[in-house]
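Q: Residue numbers (my numbering): 1159 to 1414.
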Amino acid sequence: MIQLLRIAAITNIGQHRRRNEDSMLVGTKIYAGTSMDVPQVFDTQSPPVILAVADGIGGSVAGDIASSEVMLCLARPPCPDGEEKLTERILQSAASLQNIVRKNPALDGMGTTLAGVLCLKKDLIIFSCGDSRVYLGSPHHHLTQMTRDHSVIQEMIEAGTLTEQKARSHPLGHIITSSLSGGKHRLPPDIRISKTDAMPGSRLIICTDGVWDYGGEEFIEAARSGDPETAAFNILHICYQAGAPDNITLIIADLQ
1159 MIQLLRIAAI
1169 TNIGQHRRRN
1179 EDSMLVGTKI
1189 YAGTSMDVPQ
1199 VFDTQSPPVI
1209 LAVADGIGGS
1219 VAGDIASSEV
1229 MLCLARPPCP
1239 DGEEKLTERI
1249 LQSAASLQNI
1259 VRKNPALDGM
1269 GTTLAGVLCL
1279 KKDLIIFSCG
1289 DSRVYLGSPH
1299 HHLTQMTRDH
1309 SVIQEMIEAG
1319 TLTEQKARSH
1329 PLGHIITSSL
1339 SGGKHRLPPD
1349 IRISKTDAMP
1359 GSRLIICTDG
1369 VWDYGGEEFI
1379 EAARSGDPET
1389 AAFNILHICY
1399 QAGAPDNITL
1409 IIADLQ
């Protein structure tokens, strides 16, 4: 059972994007359309609390609007207290995007990924749609990817037609197969939800693809080391060393 969470979070525009289309949520605090140079550190928080990131789909219209709108829906009180209410809230956020497009057809096609964790005292409810990810570090520092990407690359890996070693340089690397979106041709989102025990001493890492895709093995090592603030700062530095071609958003939470 967990009583408190120590949290650090950062969102950064990167080196090659005109704007930050990522958004993030810590409890009821939303960060959207901003760029930080150092992590934001939060006072310890008690469950239930939602931690989430959203990556506005690059190349589509208004990805930043889509990602921030989904965060607004998730932040609305009361905090969901289980899988059913969490799923309802995520579906409501998708419906909200559709309503925005109805009112402003120029935004047809707007969309975003989503990944996060609903932290309860006894359980962690992990959710995702798209290729943003959740990792869970054990008290012994082993790091496990808890989400499965909605992506063409992931489907090819699972079909045995592509190795993980070749996946990072594949030209279809950033094509996702599901998202939260609005528009005439939108498909219902495939929201993946799983549950695991909330173990004191564990570490959550929630991030967009601008982190995991460009941080490589150094990201994995940095994610396991130091306190949440130090780890988040080191990961930002690693992404910049790799050129930071994408927006960078990351939440790290230690469970106590």
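Glycine is no exception: its CB is placed at the ideal position from the N, C-alpha and C atoms.
List the residues that DSSP assigns as beta-bridge partners of Lys1353.
A: Ile1283
Q: Expressed to the nearest angstrom, what Euclidean distance is found between the alpha-carbon atoms of Arg1361 and Leu1232?
A: 22 Å
Q: Whose C-alpha, out of Arg1177, Ser1336, His1395 and Lys1280, is nearest the C-alpha of Met1357?
A: Lys1280
Q: Would you mind giving the Cβ-Cβ distance between Val1219 and Leu1163, rounded to the nearest angstrom? I have them listed as a contact below 8 Å.
A: Not confirmed; about 35 Å, so no contact.
Q: Which stretch, first to last residue, makes up the beta strand (DSSP E) that contains Gly1274?
A: Leu1272 to Cys1277
Q: Which runs of the beta strand (DSSP E) at least 3 residues long sit entirely within the region 1332-1411? Give them in chain order.
A: Whole beta strand (DSSP E) segments, 3+ residues: 1350-1355 and 1361-1365.
Q: Let me check one thing: in DSSP terms, what residues is Lys1187 bridge-paired to?
A: Val1184
Q: Start and end of the beta strand (DSSP E) containing Val1292?
A: Arg1291 to Gly1295
Q: If the criterion is Cβ atoms closer than 8 Å, does the pair Gly1295 and Ala1381 meet it?
A: Taking 8 Å as the Cβ cut-off, Gly1295 and Ala1381 qualify as a contacting pair.
Q: Does Val1292 get closer than 8 Å to chain B when you measure Cβ to Cβ?
A: Of the protein chains in this structure there is only one, and it is not chain B.
Q: To the nearest angstrom, how far is it from the Cα of Gly1288 to the Cα of Leu1249?
A: 14 Å
Q: Please classify Leu1330: is it buried, with 16 or more other beta-carbons within 10 angstroms of its beta-carbon, or exposed?
A: exposed
Q: Mark Gly1368 as exposed unless 16 or more other C-beta atoms lie within 10 angstroms of its C-beta, in which case mark it buried.
A: buried
Q: At 4 residues or longer, and completely inside the region 1219-1260: list those alpha helix (DSSP H) runs for me, N to C.
A: 1221-1233
Q: Looking at the structure shown, is Leu1110 part of a helix, part of a strand, or coil, going by DSSP?
A: Residue 1110 lies beyond the range of the chain shown here (1159 to 1414); nothing can be said about it.
Q: Can you tell which of Gly1384, Gly1341 and Pro1206 has its C-alpha closest to the C-alpha of Arg1260?
A: Gly1341
Q: Once DSSP output is grouped into helix, strand and coil, what is the label at Gln1312?
A: Three-state result, Gln1312: helix.
Q: Thinking C-beta only, is Ile1409 closer than 8 Å to Leu1394?
A: no
Q: According to DSSP, which residues form a beta bridge with Gln1161?
A: Residue pairing of Gln1161 in beta bridges, as defined by DSSP: absent, with no partner found.
Q: Taking all protein chains shown into account, decide if Val1196 is buried (16 or more other Cβ within 10 angstroms of its Cβ) or exposed.
A: exposed
Q: Under a three-way DSSP split, which group does Leu1265 fall into?
A: Assigned with DSSP and collapsed to three states, Leu1265 falls in helix.
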